[in-house]
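Note that the working numbering has the sequence shown beginning at 553, numbered continuously upward. Where a beta carbon is used, it is the ideal one built from N, C-alpha and C, also for glycine. Before any comments, here is the structure.
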Amino acid sequence: MFVSKKVRLNRLMKNGRCLDVAIDHGVCNEPSFMVGLEDVQSVVNTLVDAGPDAIQMNYGQSDLLQELPGENRPALVMRVDMGNPYNKERHRSMWAVMQNETDPILPALRMDAACVVVNLFMLPDEPDLFRQCVKNISKLGNDCEKYGMPLMIEPLVMQPNSARGGYLVDGDTQKVTTLVRLAREMGADIIKADPTDNPDDFHHVVQAARCPVLVRGGGKADLRTVFDNSAALMAQGAHGMVYGRNIYQHDNPKAVVAALMAMIHDGADGQAAWDIYSGFEAVSYTHLTLPTNRE
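Structural data, given as structure tokens:
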């Protein structure tokens with residue numbers, strides 16, 4: 553007998569909310585994403601101690617989480633696809649493939665994942681890439697229904713490769729909302745969506761999704777800005793966040809996680825989250841710098 557989607561979702565979403573820390577950046581094949589992930593075991597240990605709701609990983613990383621003792625470790629969200637749209641140079645051929653094309657759900661079942669996540673890329677003048685993603689989701693979605701695995705779809709609307717290199721997120725509300733709706737119509741149980749350029753428009757995304765929406769964090773940014781923007785998106789109906797570089801590339805991931813968890817689960821606003829983060833930083837600084845009483 554297979555575990556139901558509801559059981560797995562309850563493990564992932566605490567009271568309908570979730571902070572998912574993504575460290576599955578190897579599939580992007582972009583070196584700048586890997587800074588801070590050199591020692592993956594250490595990163596996982598640090599994140600488990602910080603206590604987010606979930607950690608997003610690949611199959612080849614997942615043993616580092618799932619073999620840890622204890623019942624209170626974060627849930628596993630498993631990335632099951634990979635692609636090349638993130639790189640600074642535009643490739644002759646753009647692609648997105650399943651990591652296990654024959655049985656894409658099998659690695660997640662082996663490692664007792666609470667959810668699987670797959671991309672839905674929408675890039676200018678790349679219809680074949682979009683079709684590959686649709687094909688991936690169609691096969692994966694059928695397996696998810698069969699085996700009771702929640703399906704998280706990551707709809708990504710991107711701008712053309714610019715002069716500075718790299719496809720950038722397109723936060724146009726209409727484009728994001730349209731692709732999110734498509735993801736839901738393809739069977740998403742959870743949507744991992746980019747923020748809209750104007751956070752006050754994000755309720756349109758939530759309305760189109762008709763399922764829990766987690767906001768995708770993107771690149772590393774000023775932390776106070778991250779907190780303020782996250783609070784604004786939560787106020788528009790988001791159910792949580794998926795952050796990577798803003799956590800694992802930070803000197804004190806535990807402080808960032810504590811602030812975001814307070815925002816997601818306790819309704820803290822940007823200022824309150826910043827105060828929580830600052831409190832952790834002050835404790836860490838005092839611990840490191842207070843002199844001893846030894847003579």
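Distances from the CA of A735 to each of L708, R662 and Y719 were compared; the closest alpha carbon is that of L708. Per DSSP, the continuous beta strand (DSSP E) segment holding A574 begins and ends at C570 to A574. Using a C-beta cut-off of 8 Å, the region 578-598 makes no contact with the region 652-670, since fewer than three inter-stretch Cβ pairs fall below that distance. Shown here for G822: same chain residues with a beta carbon closer than 7 Å to its own, the five before and five after excluded, namely F779, D780 and A783 in chain order. Cβ-Cβ distances below 6 Å link H817 to R569 in the same chain, with the five nearest sequence neighbours on each side left out; the list follows chain order. Pairwise C-beta distances place the region 598-607 in contact with the region 566-583, as three or more of them are shorter than 8 Å. Per DSSP, reduced to three states, the secondary structure at V632 is coil, with no helix or strand assignment.
Taking a C-beta distance under 7 Å as the contact criterion, N688 and V670 qualify as a contact pair. By the beta-carbon neighbour count (other beta carbons within 10 angstroms, threshold 16), G771 is exposed. The closest CA to that of L661, considering only A760, A820 and R631, is found on R631. If one requires a minimum length of 3 residues, the beta strand (DSSP E) runs lying completely within the region 674-749 are 703-709 and 742-745, in chain order. Secondary structure within the region 613-658: the beta strand (DSSP E) runs of 3 or more consecutive residues, fully enclosed, are 627-631, 633-635 and 648-650 (chain order).
Under the DSSP assignment, V595 falls in the alpha helix (DSSP H) whose first and last residues are V592 to A602. In the three-state DSSP reduction, N671 falls in the strand class (E or B).
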